[in-house]
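Colleague: Here it is: the structure, laid out below.
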Amino acid sequence: MAVSPEFQHTVSKTASLSGTSLHTGEKVSLKLHPAPVGYGIKFKRKDLQDEPTIDAKIENLKTVERATTIGEGSVRVHTVEHVLAALSAMGVDNAIVEMDANEPPIGDGSAQLYVDLIKRAGVTVQEEPRKFFDVREPMHVESKTGALLVLLPDEKFRISCTQAGPNNRFPQYLSMEVTPAAFEREIAPARTFVYYEDVQPLMEKNLIKGGSLE
Numbered sequence: 032m033a034v035s036p037e038f039q040h041t042v043s044k045t046a047s048l049s050g051t052s053l054h055t056g057e058k059v060s061l062k063l064h065p066a067p068v069g070y071g072i073k074f075k076r077k078d079l080q081d082e083p084t085i086d087a088k089i090e091n092l093k094t095v096e097r098a099t100t101i102g103e104g105s106v107r108v109h110t111v112e113h114v115l116a117a118l119s120a121m122g123v124d125n126a127i128v129e130m131d132a133n134e135p136p137i138g139d140g141s142a143q144l145y146v147d148l149i150k151r152a153g154v155t156v157q158e159e160p161r162k163f164f165d166v167r168e169p170m171h172v173e174s175k176t177g178a179l180l181v182l183l184p185d186e187k188f189r190i191s192c193t194q195a196g197p198n199n200r201f202p203q204y205l206s207m208e209v210t211p212a213a214f215e216r217e218i219a220p221a222r223t224f225v226y227y228e229d230v231q232p233l234m235e236k237n238l239i240k241g242g243s244l245e
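In C-alpha cells, the structure reads:
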C-alpha cells in the first residue's frame, strides 16, 4: 500500500466490521468512511441522538486507565488506541469512524483487524500537503509510576521501546522505523495482555467484560 509522505490521505471507500468491545462486552458495529482534506479523524456515535462526533485530538483526551478515552461534552469513546494506531501507521489522515456503541471491537486484542479494515477500504492520496510536528530539540515527560517518554529530532518516525512487568518480569525491547509495512508486520499483530494479579481489580471496576483467555 503506497502512501505519499508529503500529502494527506483518506480511505478510498467505506468498510465495516463488527465484534465485541473489550471493557463493556457489548456487541458493536464499526464503519470507516472517507473524509475531506483537513478533516482529521473523528469518531461518530451512531447510537446517540444527533449522532455526535468526537475529534481525535489531544485536547479531547479524558483518561488513560487501561484504555484511551476521548470525549467532547458528555460524549465519550473508549479504547480508541488500536484504531488510531492503525490509521496513523497506515497513512490515513482523514476519516470518520462510525460506531453504534461507546467502544470499538477488540478483535483478538491486536490492531490487526483495523489494518485489515483499512486495506479493504483502500487508501487514497488527497491534493493537500500534510502538516507535521517538527521536533527540533529533545523533550521528555515522566509519569508518577516511572514511565518515561523521550522525543528526539529525526528525519523519520522511529520508536525505541523498553517494557517490563512488575518486578522487572518479562522485559522486552523494540527499536524500529515505523512504516505501513513495518507496522503491519511487526506491531499490528501484537496482542493486549494482562497480568493474572490485575484481572480481579479490573473486574471489580466493571471492566474487561469482553476479555477472554483465548
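Convert by adding 31 to the 1-based position in the sequence shown; the result is the number in the numbering used here. Note that CB positions come from ideal geometry on N, CA and C, so glycine has one too. Treat the numbers as computed from the prediction; the structure is a model and nothing was measured.
1) Where do the N-terminal and C-terminal ends of the alpha helix (DSSP H) with R76 fall, by residue?
2) So the beta strand (DSSP E) Q23 belongs to, where does it begin and stop?
3) Identify every residue that forms a DSSP beta bridge with H171.
4) Would Q39 be called buried (16 or more neighbouring beta carbons within 10 Å of its own) or exposed?
5) Would you kindly work out how many angstroms separate the C-alpha atoms of T223 and A132, rounded to a whole number?
6) Given this structure, state the Cα-to-Cα distance separating D81 from V106, to the nearest angstrom.
7) Output the boundary residues of the alpha helix (DSSP H) element that contains V114.
8) P202 bridges to which residues according to DSSP?
9) Does the count of Cβ pairs from the region 181–198 and the region 87–104 closer than 8 Å reach three?
10) Roughly how many whole angstroms lie between the Cα atoms of P36 and A126?
11) Verify whether the separation of the beta carbon atoms of G122 and S43 is less than 8 Å.
12) Look up R107 in the DSSP assignment and give the residues it is bridged to.
Modeller: Quick look at the numbers:
1) On the sequence shown, position 45 is the one that residue 76 refers to. Looking at the DSSP string, R76 is not in any alpha helix (DSSP H); the run it does join, the beta strand (DSSP E), is I72 to R76.
2) For residue 23 there is no data in the structure shown, the boundaries of the chain being 32 and 245.
3) For the purposes of this step, residue 171 is identified with residue 140 of the sequence shown, where counting begins at 1. Note: H171 sits in a beta bridge opposite V181.
4) Working through the sequence shown from its first residue, we reach residue 39 at position 8. Buried is the call here.
5) On the sequence shown, position 192 is the one that residue 223 refers to. On the sequence shown, position 101 is the one that residue 132 refers to. Distance between the alpha carbons of T223 and A132 is about 21 Å.
6) The residue labelled residue 81 in the question sits at position 50 within the sequence shown. The residue labelled residue 106 in the question sits at position 75 within the sequence shown. Their Cα atoms are separated by approximately 12 Å.
7) Along the sequence shown, one-based indexing puts residue 114 at 83. Taken as a continuous stretch (DSSP letters only), the alpha helix (DSSP H) holding V114 covers E112 to A120.
8) Here residue 202 refers to the residue found at position 171 when the sequence shown is read from its first residue. None, per the DSSP bridge assignment.
9) no
10) Here residue 36 is taken as the residue at index 5 of the sequence shown, counted from 1. Here residue 126 is taken as the residue at index 95 of the sequence shown, counted from 1. Distance between the alpha carbons of P36 and A126: 17 Å.
11) Translated into the one-based positions of the sequence shown, residue 122 becomes position 91. Translated into the one-based positions of the sequence shown, residue 43 becomes position 12. Going by C-beta atoms, G122 is not nearer than 8 Å to S43.
12) Residue 107 sits at position 76 when you count from the first residue of the sequence shown. Answer is G102.
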